[in-house]
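Numbering follows this note's numbering, in which position 112 of the sequence shown is assigned residue number 173; successive positions increment by one, without gaps. Note that CB positions come from ideal geometry on N, CA and C, so glycine has one too.
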Amino acid sequence: MKDLLLRYAMYNIWANQRIIVLLNGLTDEQLDRDLGGSFPLRKTIYHIWDAESIWYQRLQLISPVVRPAGDYNGSWPEFVQQFARQSEMLKDLIAVASDAKLAHTIEYHHSIKGICKSRVEDVILTVFNHSTYHRGQIVTMLRQSGVTKIPPTDYIEYTRIKK
């Protein structure tokens with residue numbers, strides 16, 4: 062399981078970087094325009110950052126958790142750096158975890174459901190699945206914004222490129 066989670070962590074970093082490159086070329090107005098997704102583009106990528114951070118904090122048994130984008134007032138380049146670092150931290154957590162740690166069940170507070178329990182490996186897979194879902198939304202919104210050159214971010218594409 063650890064090998065699979067590490068591959069997904071590396072894929073997550075790669076796919077996030079591909080999306081960030083596209084977002085870097087947009088104006089603030091384009092990033093903040095409501096296109097009918099879960100959130101505008103900027104808020105969607107911030108949402109991915111928040112989720113990666115919140116789950117990472119839960120895996121570190123930190124409570125209460127803090128959303129990094131909640132009161133974020135930094136620049137776009139600072140965000141890009143912090144977001145990339147957050148994804149790397151998740152990969153690093155997996156790299157040093159034992160099989161027993163990955164199979165371990167953690168308890169955490171969910172803002173709606175209250176106290177929950179989940180296996181570490183399920184939490185990690187949830188993070189990657191969540192990020193993939195919202196990257197797909199971002200691709201749709203980029204197309205709506207007139208961006209025509211969008212590189213694939215599918216896992217299989219990652220495996221082809223990384224061989």
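(request) Using a Cβ-Cβ cut-off of 9 Å, state whether residue 139 counts as contacting chain C. (result) The question asks about chain C, but that chain is absent: this structure has only one protein chain.
(request) Compare the beta carbon distance of residue 198 and residue 105 with 9 Å and say whether it is the shorter of the two. (result) yes
(request) Kindly indicate which residue of 155, 66, 186, 192 has the alpha-carbon position closest to the one of residue 99. (result) 192
(message) Quick check on residue 124: buried or exposed, where buried means 16 or more other Cβ atoms within 10 Å of its Cβ?
(response) exposed
(request) Buried or exposed for residue 146, please, with buried defined as at least 16 other CB atoms from any protein chain shown within 10 angstroms of its CB. (result) exposed
(message) Under DSSP, the beta strand (DSSP E) around residue 123 begins and ends at which residues?
(response) It is not in any beta strand (DSSP E) - residue 123 carries neither H nor E in the DSSP assignment.
(request) Evaluate residue 77 with the Cβ neighbour count: other Cβ atoms within 10 Å of its Cβ, from every protein chain shown; 16 or more gives buried, anything less gives exposed. (result) buried
(request) Out of 166, 113, 141, state which residue places its alpha-carbon closest to the alpha-carbon of residue 82. (result) Closest option to residue 82, Cα to Cα, is 141.
(message) Within the continuous alpha helix (DSSP H) that includes residue 148, where are the two ends?
(response) 137-157
(message) If I follow the unbroken beta strand (DSSP E) through residue 175, where does it start and stop?
(response) 175-180
(request) Compute the distance between the beta-carbons of residue 80 and residue 196, then report whether it is under 9 Å. (result) Going by C-beta atoms, residue 80 is nearer than 9 Å to residue 196.
(message) If distances are taken between C-alpha atoms only, which option among 127, 103, 102, 101 comes closest to residue 112?
(response) 127
(message) Residues in the same chain with beta-carbon distance under 8 Å from residue 91, minus the five sequence neighbours each way, listed in chain order, please.
(response) By the criterion of a C-beta distance shorter than 8 Å, residue 91 is surrounded in its chain by 102, 206, once the five residues flanking it on both sides are discounted.
(request) Look at the Cβ atom of residue 69, then the Cβ atom of residue 186, and state whether they are nearer than 9 Å. (result) yes
(message) Just to confirm before moving on: does the CB-CB distance between residue 120 and residue 66 stay below 9 Å?
(response) No.
(message) With distance defined between alpha-carbon atoms, name the residue in 114, 179, 160 nearest to residue 169.
(response) 179
(message) Along the chain, where does the alpha helix (DSSP H) containing residue 133 start, and where does it finish?
(response) No alpha helix (DSSP H) holds residue 133; DSSP gives it neither H nor E.
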